[in-house]
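Report on the following structure.
And the structure:
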């Protein structure tokens, strides 16, 4: 089974702190994604990566950056956390080669910025 | 840009009954994929069912089936013989068949199963 893990289930940070959210997948997937989930808005794509050191902006990249130094690990960075970044953050991964691929999701990190 | 709309924030159904969740989408593309994902309370999101736009036949997976109406840009999910374990948030998602392999999600529908 594909396993996608995230470093924390719950995280509380202060405004202005630099925050790192880590995601690791164990199935050698090329694609990795970061979404945020908010009530009434569904999931919105922040950034994605289709290869090591490659990244592309999603729909809401402002205030975030990412890092992918190894194929299995994709990090989301909040350079200076703000209260409007309080949200559930979901990581996902998928194969690049499959025509109708499935994204596999991690358990999520619920981040609260105070 | 593509958009996905789920107009039912919440739905409820009696155990063993059938329920249909609605999803509409907007796109100018002719080739794409559609998905329904399930997110149980405090658990990971999992794929329920998928549909290729070029296939006329509606996808089915055990008690789950879809009604795909390409001209109407509608993609509803039918759950038959509802079970307590079906209680979850359900998300409809769209993916283009070309370009970046990213998903566009709807707002979600929270499904409650009444015993």
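Protein chains in written order, with my numbering: chain A, 1219 to 1332; chain B, 868 to 982.
Cβ atoms here follow ideal geometry from the backbone N, Cα and C, with glycine treated the same way.
Query: Nearest-angstrom Cα separation, counted from residue 1228 (chain A) out to residue 914 (chain B); Result: 24 Å
Query: Segment contact flag, the stretch 1262-1271 of chain A with the stretch 1324-1331 of chain A, C-beta cutoff 8 Å, min 3 pairs; Result: no
Query: Near-chain B residues of the stretch 1278-1293 of chain A (beta-carbon distance less than 9 Å), N- to C-terminal order; Result: none
Query: Residue 1210 (chain A) - DSSP class collapsed to helix/strand/coil; Result: Here chain A comprises residues numbered 1219 to 1332, so residue 1210 (chain A) is not present and cannot be evaluated.
Query: Rounded straight-line distance, which links the Cα of residue 1305 (chain A) to that of residue 1299 (chain A); Result: 11 Å
Query: Given residue 909 (chain B) as reference, the closest of B:955, B:962, B:981 once Cα atoms are compared; Result: B:955
Query: Cβ-Cβ distance between residue 872 (chain B) and residue 952 (chain B) below 8 Å; Result: no
Query: Ranges of the beta strand (DSSP E) found wholly within the stretch 1254-1292 of chain A, counting only runs of at least 3; Result: 1260-1267, 1282-1288
Query: Beta-carbon spacing of residue 1293 (chain A), residue 1247 (chain A) below 8 Å; Result: no
Query: Rounded separation between residue 978 (chain B) and residue 969 (chain B) - CA only; Result: 25 Å
Query: Residue 934 (chain B), enclosing beta strand (DSSP E) - first and last residue; Result: 931-936
Query: Residue closest to residue 1225 (chain A), alpha-carbon to alpha-carbon, out of A:1236, A:1254, A:1309, A:1258; Result: A:1309
Query: Below-8 Å beta-carbon distance, residue 1321 (chain A) vs any chain B residue; Result: yes
Query: Contact under 8 Å by Cβ, residue 943 (chain B) with residue 890 (chain B); Result: yes
Query: Bridge-paired residues (DSSP) for residue 1249 (chain A); Result: A:1312
Query: When A:1288, A:1236, A:1255, A:1287 are compared against residue 971 (chain B), the one with the closest alpha-carbon; Result: A:1255
Query: Nearest neighbour of residue 1278 (chain A), chosen from A:1272, A:1268, A:1307, A:1269 [CA to CA]; Result: A:1307
Query: Contacting residues, own chain, Cβ-Cβ under 7 Å from residue 1290 (chain A) (five flanking each side not counted); Result: 1242, 1243, 1244
Query: Opening and closing residue of the beta strand (DSSP E) in which residue 941 (chain B) lies; Result: 941-946
Query: Opposing strand residues paired with residue 919 (chain B) [DSSP bridges]; Result: B:900
Query: For residue 1303 (chain A), three-class secondary structure by DSSP; Result: helix
Query: Beta-carbon separation (whole angstroms), residue 875 (chain B) vs residue 888 (chain B), contact threshold 8 Å; Result: 6 Å
Query: Beta-bridge pairing of residue 928 (chain B) - partner residues as DSSP gives them; Result: B:931
Query: Candidates B:916, B:947, B:928: closest to residue 903 (chain B) by CA position; Result: B:916
Query: Partners in chain A for residue 958 (chain B), counting only beta-carbon separations shorter than 7 Å; Result: 1260, 1261
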